[in-house]
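Student:
Written out as structure tokens, the structure is:
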């Protein structure tokens, strides 16, 4: 189709069109623009470093119609592209169009007529909306107004949608208040519209559908509502409001916009909250707390749920704030997204000590003891960012653990649900032996999940820390990606002494492809230099190693297979390994003041081995246990199920099993056929011998 060049020299409307790799849609967009019934327009197309045929299409239209002006820049995002348009526009009025959308033929005419006739600050029209298959759908960009002129109240301003393309603005106001698009933000259009609304008094709301908006895969909107979203996308909402507050302060218009500001604070908070997965809740609310502290507003004078919400956030009570936000969502029949596949975490603190744990619901009480030991030795000048990898920890347990650090502002606790990794890689089907669960493999994914961190410490939940753990965080690794302590037992295994693990030495040499076991490390305490681990190649290497590893040790074998020649061996005091009350590899007990981490790495733990009560090592663990919120539960469970295994075979107990079992059955039957005191007697004996049977069965296992 041939187009006649326009001879128009006056441009009453400037239309800004940012373009990036839009060759599929550009003809549709530009054809609709140059065929507008209103001819006094200029079309400013900013090519944002397109790598497809977009620039050739733009140049062709520039040759066909003199109203089309093409600008090019390196790929810098739509904000910078739109700013180029603002700088070069010559029209009295301003409009926008996305390159993958298009105007109705009369859009410019109707928008211009109404803004001129009613002398308003802007006009907003209604919109056609289409899904990814180009079928018309109910518009998400709804129009909750009656047609006509409006004197805008704060409430009505808050209902104006933040899209640029269904509005016409006055160029005079944009230039007077120096309104531009903040570069580096995906919500740059939010800022522009919010800022313009703060200086607007009147509008005309036109209930005619004049704009065609198409849902395009990989658009910013798809990324925000899909699984490609990153934390910065959500954080962007609070960042934009911070910039808006700066704008109000700069132009001394805070007071006249205070109600509008408060309203959009809540609106943006709530709708951003719907996109926040569990793992980002603390990060997200921390950003809003910083924003509220910056603004220093008394949020609402009356006592309302929203007043309470902002008070909770302002005071750092994120547990109450998240509950209230979820309640608001429930009232509006909305649901917050719970997770994002392969979610990448971001540091909470700039100066930080990042700690990671593997845990499940059953092990939470013992994790709390480890955390208590860290808490005791922490220093106020350091910040401790703690993440707990899990799949089934209840909300109640999460709350109890979080409340341990409620007063200490230099601690942050997060729970990361590994369900996406479990489903993707079928972790529950990976090799599992001895008393260790498949969840031990979760820590293998630390370099991927924490790719935005420089360094991370991993700790098992069956240890106590006797020093400030930040010392380990800052320990030199001498340009190695991993720091760890030798496994004091396995590292001494060779071809002549592997009788406790028959065949393990040969397995390590042939299957694991290790040259020897002299530097085989224990995976209960690890320091990972994330910046030195190639996370793309690393993920492939994990799966490859898991497929090879079919015996002996779980993830510990994998760590040694991946990093055997690249481990910085740490001093043994950072992982003193305990087995049944004895220190592995040591003939004598080291001085207590030299031990930095005590690791109860066998199945014999202080809480399930009663004869440790008089043991000096066990006493240290119980000292921290007394500080735990789970102390009573640990104590009760230890007394109820505890036993005293040793290396001596429990022959006497085994021989007593038949007698205990038949006594239990006899008392169980008699308790059903007797009454009064006799029944109580048999019920008591049934309970005693039932516990005895369970105890002996545990020994047999």
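Numbering (our numbering), first residue to last: -13 to 687.
Ideal Cβ placement from N, Cα and C applies to all residues, glycine included.
These figures come from a predicted structure and were not determined experimentally.
Around the C-beta of residue 504, are 16 or more other C-beta atoms found within 10 angstroms, so that it is buried, or is it exposed?
Tutor: exposed
Student: Below 8 Å on the Cβ atoms is my contact criterion, and I expect residue 298 with residue 283 to pass it. Report the Cβ-Cβ distance as a whole number of Å.
Tutor: Between residue 283 and residue 298 the Cβ distance is about 15 Å, and since that is not below 8 Å, they are no contact.
Student: With residue 134 as the anchor, note down where its alpha helix (DSSP H) starts and where it stops.
Tutor: Run containing residue 134: none in the alpha helix (DSSP H); it sits in the beta strand (DSSP E), 134 to 137.
Student: Alpha carbons only, please: which of 72, 111, 76 and 79 is nearest the one belonging to residue 90?
Tutor: 111
Student: Out of 472, 476, 531 and 519, which one is the CA nearest neighbour of residue 499?
Tutor: 531
Student: Grab the span of the alpha helix (DSSP H) containing residue 102 for me, first residue to last.
Tutor: From DSSP, the alpha helix (DSSP H) with residue 102 extends over 93 to 104.
Student: Pull up the CB-CB distance for residue 270 and residue 220, whole angstroms please, since I reckon it's below 8 Å.
Tutor: 6 Å
Student: Just confirm the distance between the C-beta atoms of residue 180 and residue 250, as a whole number of angstroms; I'd bet it's less than 8 Å.
Tutor: 6 Å
Student: Cutting at 6 Å between CB atoms, please list the residues of its own chain near residue 58, excluding the five before and the five after it.
Tutor: Excluding five sequence positions before and after residue 58, the CB atoms of its chain that fall closer than 6 Å to its own CB belong to 33, given in chain order.
Student: Any idea what DSSP makes of residue 662, helix, strand or coil?
Tutor: Here residue 662 carries a helix assignment [DSSP, helix/strand/coil].
Student: So for residue 144, helix, strand or coil by DSSP?
Tutor: helix
Student: From what residue to what residue does the beta strand (DSSP E) around residue 344 run?
Tutor: From DSSP, the beta strand (DSSP E) with residue 344 extends over 339 to 344.
Student: Quick one: is residue 289 buried, meaning 16 or more other Cβ sit within 10 Å of its Cβ, or exposed?
Tutor: exposed
Student: Quick one: grab the DSSP three-state call for residue 200.
Tutor: strand
Student: Leaving aside the five residues before and after residue 634 along the sequence, list all residues of the same chain whose C-beta is less than 7 Å from its C-beta, in chain order.
Tutor: Unreliable placement is indicated for residue 634, whose pLDDT of 46 sits below 50; the coordinate value is still reported in the next sentence. Answer for residue 634: no residue qualifies.
Student: Starting from residue 587, trace the beta strand (DSSP E) both ways and give me its first and last residue.
Tutor: Where residue 587 is concerned, there is no enclosing beta strand (DSSP E), given that its DSSP letter is neither H nor E.
Student: Tell me the DSSP secondary structure of residue 8 in three-state form.
Tutor: coil
Student: How would you label residue 273, buried or exposed, when you count the other beta carbons within 10 angstroms and need 16 or more for buried?
Tutor: buried
Student: With the cut-off set at 8 Å, would you say residue 137 and residue 188 are in Cβ contact?
Tutor: yes
Student: Specify, as a first and last residue, the run of the beta strand (DSSP E) that residue 114 falls within.
Tutor: For residue 114, the uninterrupted beta strand (DSSP E) run begins and ends at 108 to 116, by DSSP.
Student: Determine the direct distance from the alpha carbon of residue 246 to that of residue 144, and round the result to whole angstroms.
Tutor: 7 Å
Student: With three or more C-beta pairs closer than 8 Å as the rule, is the region 310 to 322 touching the region 384 to 402?
Tutor: no
Student: Per DSSP, which residues does residue 554 bridge with? Please list them.
Tutor: 469
Student: Using three-state DSSP, classify residue 505 as helix, strand or coil.
Tutor: coil
Student: Do residue 451 and residue 583 count as a contact pair if the criterion is CB distance below 8 Å?
Tutor: yes
Student: Tell me which residues share the same chain as residue 547 and place their Cβ nearer than 8 Å to its Cβ, disregarding the 5 neighbours each side in the sequence.
Tutor: Correct list, in chain order: 498, 499, 500, 531, 534 and 535.
Student: Between the C-alpha atoms of residue 691 and residue 445, what's the straight-line distance to the nearest angstrom?
Tutor: Outside the displayed span of the chain (-13 to 687) sits residue 691, for which this structure offers no information.
Student: Between residue 88 and residue 78, what straight-line distance do the alpha-carbon atoms span, to the nearest angstrom?
Tutor: When rounded, the separation of the alpha-carbon atoms in residue 88 and residue 78 is 21 Å.
Student: State the Cα-Cα distance for the pair residue 121 and residue 176, rounded to the nearest angstrom.
Tutor: 27 Å
Student: Hey, residue 513 and residue 434: beta-carbon distance below 8 Å or not?
Tutor: Contact: no.
Student: May I ask you to report which of helix, strand or coil DSSP gives residue 616?
Tutor: coil
Student: Determine the DSSP secondary structure at residue 449, reduced to helix, strand or coil.
Tutor: strand
Student: List the residues that DSSP assigns as beta-bridge partners of residue 441.
Tutor: In the DSSP secondary-structure assignment, residue 441 is bridged to 515.
Student: Determine the burial state of residue 84: buried for a count of at least 16 other Cβ atoms within 10 Å of its Cβ, exposed for fewer.
Tutor: buried
Student: Report the three-state DSSP secondary structure of residue 423 (helix, strand or coil).
Tutor: coil
Student: Assuming residue 232 is part of the alpha helix (DSSP H), what are its boundary residues?
Tutor: 217 to 236
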